[in-house]
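J.:
Protein chains: 2
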Amino acid sequence: MVYNLEQDHALRARAQTAFPNGVYGHQNSALLSPEHPQFFSRAEGCRLWDVDGNEYIDFMCGYGTNLLGYRHPKVDEAARRQQGVIDCATGPSPLMVELAETFNELVAHADWTLFAKNGTDATTICIMTARAQTGKNTILVADGAYHGASPWCTPAPGGVAPGDRQHQLTYEYNNVESLTAAVAEAGDDLAAIVVSPFKHDVFVDQEWPTAEFAAAARALCDQKDAALVLDDVRCALRFTMGATWETLDVLPDLCAMSKSVANGYALAVVTGNDKFRHGASQIYTTGSFWFAGVSFAASLATIAAVAEEGAIEAMKVAGDLLRDGLDQQARSYGFQLRQTGPVQMPLMLMEDDPNWEKNIFFCSQAAQHGVYLHPWHNMFVCAAHTESDIRAALERTDAAFAALKKKFG
Amino acid sequence: MVYNLEQDHALRARAQTAFPNGVYGHQNSALLSPEHPQFFSRAEGCRLWDVDGNEYIDFMCGYGTNLLGYRHPKVDEAARRQQGVIDCATGPSPLMVELAETFNELVAHADWTLFAKNGTDATTICIMTARAQTGKNTILVADGAYHGASPWCTPAPGGVAPGDRQHQLTYEYNNVESLTAAVAEAGDDLAAIVVSPFKHDVFVDQEWPTAEFAAAARALCDQKDAALVLDDVRCALRFTMGATWETLDVLPDLCAMSKSVANGYALAVVTGNDKFRHGASQIYTTGSFWFAGVSFAASLATIAAVAEEGAIEAMKVAGDLLRDGLDQQARSYGFQLRQTGPVQMPLMLMEDDPNWEKNIFFCSQAAQHGVYLHPWHNMFVCAAHTESDIRAALERTDAAFAALKKKFG
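Those protein sequences? They're chains A and B, same order as listed. For the first sequence, the working numbering assigns the number 3 to the initial residue and increments by one for each residue that follows. For the second sequence, the working numbering assigns the number 3 to the initial residue and increments by one for each residue that follows.
1. Tyr335 of chain B CB to nearest chain A CB: under 8 Å?
2. Can you have a look at Arg73 of chain B and say buried or exposed, based on whether 16 or more other CB atoms are within 10 angstroms of its CB?
3. Quick one, which of A:Glu179, A:Pro159, A:Asp191 has its alpha-carbon nearest Gln170 of chain A's?
4. Ala245 of chain B versus chain A: which residues are under 8 Å apart at the beta carbon?
5. Please decide whether Ser290 of chain A counts as near chain B, where near means a Cβ-Cβ distance under 8 Å.
6. In chain order, which continuous runs of the alpha helix (DSSP H) of length 4 or greater are located wholly inside the region 177-219 of chain B?
7. What in chain B is Cβ-close to Cys90 of chain A, meaning under 7 Å?
8. Hey, how far is the Cα of Gln135 of chain B from the Cα of Gly289 of chain B?
9. If the criterion is Cβ atoms closer than 8 Å, does the pair Thr92 of chain B and Leu50 of chain A meet it?
10. Mapping the DSSP letters down to three states, classify Leu375 of chain B as helix, strand or coil.
11. If we require 3 or more residues per run, which beta strand (DSSP E) segments fall completely within the region 325-354 of chain B?
12. What does the alpha-carbon distance come out to for the pair Ala268 of chain B and Arg82 of chain B?
13. Going along the region 124-145 of chain B in order, which residues come within less than 7 Å of chain A, judged by CB to CB distance?
14. To which residues does DSSP link Gly47 of chain A through a beta bridge?
15. DSSP state of Trp292 of chain B, grouped into three classes?
16. Is there a Cβ from chain A that is less than 8 Å from the Cβ of His169 of chain B?
17. Identify the continuous alpha helix (DSSP H) that holds Asp233 of chain A and give its terminal residues.
18. Taking the beta strand (DSSP E) that Ile88 of chain A belongs to, which residues open and close that run?
19. Output needed for Leu97 of chain A: all residues of its chain with C-beta closer than 8 Å, excluding positions within five of it in sequence on either side, in chain order.
20. Any beta carbon from chain A within less than 8 Å of Phe41 of chain B's own beta carbon?
21. For Val99 of chain A and Leu13 of chain B, I'd like the C-alpha separation in whole angstroms.
22. Would you kindly work out how many angstroms separate the C-alpha atoms of Asn106 of chain A and Gly274 of chain A, rounded to a whole number?
23. Is there a Cβ of chain A sitting closer than 8 Å to that of Trp2 of chain B, yes or no?
24. Of all the options A:Asp145, A:Asp251, A:Ala188, A:Val162, which has the alpha carbon lying nearest to the alpha carbon of Pro153 of chain A?
25. Is it buried or exposed, Glu248 of chain B, if we count other Cβ atoms within 10 angstroms and call 16 or more buried?
26. Would you grab the beta carbon distance between Phe21 of chain B and Ala112 of chain A for me? Rounded to a whole angstrom, and I think it's under 8 Å.
27. Short of 8 Å in beta carbon distance, which residues of its chain neighbour Glu311 of chain B, apart from the five on each side in sequence? Order them along the chain.
28. Please determine, among A:Thr19, A:Ala221, A:Gln9, A:Ser35, the residue with the shortest C-alpha to C-alpha distance to Gln367 of chain A.
29. Verify whether the separation of the beta carbon atoms of Val197 of chain A and Ala124 of chain A is less than 8 Å.
30. Distance, Cα to Cα, Thr172 of chain B vs Ala184 of chain B?
31. Look at the alpha carbon of Glu79 of chain B and the alpha carbon of Gly266 of chain B, and state the distance between them as a whole number of angstroms.
32. At the level of alpha carbons, what is the spacing between Cys365 of chain B and Tyr374 of chain B?
33. Measure the CB-CB distance between Leu253 of chain B and Ala110 of chain B and report whether it falls below 8 Å.
34. If you follow the alpha helix (DSSP H) that Asp391 of chain B is part of, which residue opens it and which one closes it?
35. Measuring only the C-alpha atoms, how far is Asp227 of chain A from Ala193 of chain A?
36. Shorter than 7 Å, the distance from the beta carbon of Ala270 of chain B to the closest heavy atom of the ligand MN, or not?
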């Protein structure tokens, strides 16, 4: 079958006019190859079908929103049941309290929870809470880390006013000296240190934090009476049922989660400890849909299914298989990969590929053969990726490596 | 039957611990009476049932998210159908383009559309776009107007840093002189004037803009090469199928909509004209769930149903009946109401009631008799409020006025 993206390209052309400049944000495929489809018609498990009917084994998993598999039967059934009774109304359903209590139980540092809709809402609530509690303004963020798309954190300069970043300093991730220097620079005004669970910036190798770095971040916050804010938006429920730094025995004061927490239903979560309860109660944060029951029902079902189905272990197994398989395949064709960070959130870069040219070509070839990979953003494995799905994906990537060899020798 | 909120009060107690300080944001009922339930178990049409089984004719309508009636069959069916195929995935479904084209068609000034999840996302996108396009920073907002809950606009000071409001000036709504003075103060740095479709601030009488004020806002933006931003989050689809100021023959450059646009499914919309297309393409704005298909399907079905069912006219009819009925009832008991603003979004205050004491008591009595009213926030009529629902509501409020007379003479 000839790979055909005719419908997709027609939709792209319409999108170019209908939106300011085509599909935007993280789903802007301008930096991917034209062989990467933008529009999809069906999703199930770890598979996607584009509008032209091409099937993909998907390793972006909705940029991390797909944790258990698309259209997970138990999650969708819980959502449908709730939709049939009450969703967004003048007040919340009891599920809102039940879910908050569930997070307070699951997450080691959590004494209270707040719900929102976007990851950005959650990270913003964390810094507002830190400022309200401490009465200080300066926040520290790692150079190049992504914490959302509000003016205070969005990675592009467009539309950002000078005041938006006025109380912000940066440090180098995983560098205790750099972090210590930034803390010193903040002086008496340090409200929060914001950390990602690991370095998962685009375009560069991923990095798991050293125990020393995590401990230093905790100690510096204690010393300066500032909040340690963990931006777990991308990682929550992929490594542990609590905050990801629990795996390092370091507890944050405030944690922002989203993406996977309701297996694709729109939900963001902030958990905090009692030290920051008063601060959290002093901020006014809300949204018209933040109390809607369907997402809460989906999240309760997601959390139950993660445990029941051993989802975290399943992602580890699938991620290991994929990494090993890609590595061997690359070597057999004479290429060397740099696969970094945890296997559940794979990033695959190539040696001697400074402009990602080889990798973009490789991923476009993989797409043509039915595997959706990303050449410079971390990918996601989900619990629906079985051993046989990974083997099928590797059969398909073999052809992509062959094409890569043909083109780049 | 004795009015009983036992289950509700038990949930409130749990919420006090599970959240920083009980249910938060716009659904924080701390300023309502304890007789106002916070937790609901069922919604249908214009009716709500609380967790204790009490039924209410609801005039908050999910703070405006309920436009056609809770659990509208056609909207929910469209959502369910989409949920069964693809919702939040690695790329959007074609519905995203279809819906953007629908808004570009419906809304007079719209050449392009962006989708998000919160009303706050939409207002924030508007000011970012205005700044990106104009290269200027200062925005003008009306004193006391609500434009969302981000640091730049949230109404409480907690967690707001000085830089967040650094490029902001205020004016008095509906006061051309005040607006002109603020524009002069902005000098060469005016990026945008932000206006609500009408003054719908909490605690005070509502005010529809004069033709003179709307025209002045438009002329000043043209003169200063700034964006006229209409914050239509609360009002969209309640007065016209386009931007609400179209009813005044004044077109904004950028318009933020949300709440009602998908009849309760989480969606926010920004529409803009070609003059601001480049600016909009320069900002990086995104969210994990912004491309999910279910909300788009619900919005397409909502827009179709608004037209098919004559929803805008139905809300006007219901709103007029309610306003007239309450007014007559109040007079018959010797009270005088101040009902201001458009009847579709009623605000009812009482004369000689500076601390809202009478009104809070009246609304608590109404709640006990099965009508959910708000004593100081604008309310919402929905298209499912039939004449017989309004008559039933007025029978119930009659008892509340009797109780008010007994207590306050």
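Backbone N, C-alpha and C define an ideal beta-carbon position, used for all residues, glycine too.
T.: Per the coordinate set shown:
1. no
2. buried
3. A:Asp191
4. Ordered by position in chain A, no residue passes the 8 Å Cβ test against Ala245 of chain B, which lies about 17 Å from the chain.
5. Residue contact with chain B for Ser290 of chain A: present (Cβ-Cβ distance below 8 Å to some residue of chain B).
6. Listed in chain order, the complete alpha helix (DSSP H) runs (minimum 4 residues) inside the region 177-219 of chain B are 178-188.
7. Gly64, Thr67, Gly266
8. 22 Å
9. In terms of Cβ geometry, Thr92 of chain B and Leu50 of chain A form a close pair [threshold 8 Å].
10. coil
11. 339-342, 349-352
12. 14 Å
13. Thr126, Met130, Thr131, Arg133, Ala134, Asn139
14. When beta bridges are read from the DSSP output, Gly47 of chain A appears opposite A:Tyr72.
15. In the three-state reduction of the DSSP assignment, Trp292 of chain B falls in the coil class.
16. yes
17. Note, Asp233 of chain A: premise wrong, no alpha helix (DSSP H); beta strand (DSSP E) at 229-233.
18. Segment: none, Ile88 of chain A is in no beta strand (DSSP E) and carries neither H nor E.
19. Excluding residues within five positions, the ones whose Cβ falls inside 8 Å are Gln84, Gly295, Phe298, Ala299, Leu302.
20. yes
21. Answer to the nearest angstrom: the Cα atoms are 7 Å apart.
22. Cα to Cα, the separation comes out at about 9 Å.
23. Outside the displayed span of chain B (3 to 411) sits residue 2 of chain B, for which this structure offers no information.
24. A:Val162
25. The residue is buried, with at least 16 neighbouring Cβ atoms inside 10 Å.
26. With 8 Å as the limit, Phe21 of chain B and Ala112 of chain A do not qualify as a contact, their Cβ atoms being about 11 Å apart.
27. Leu70, Ala385
28. A:Ser35
29. With contacts defined by Cβ atoms closer than 8 Å, Val197 of chain A and Ala124 of chain A do not form a contacting pair.
30. Whole-angstrom Cα-Cα distance: 7 Å.
31. 13 Å
32. Rounded to the nearest angstrom, the two C-alpha atoms are 7 Å apart.
33. yes
34. 389-410
35. Looking at the two C-alpha atoms, the distance is approximately 8 Å.
36. Absent from the structure shown: the ligand MN. Ligands present: none.
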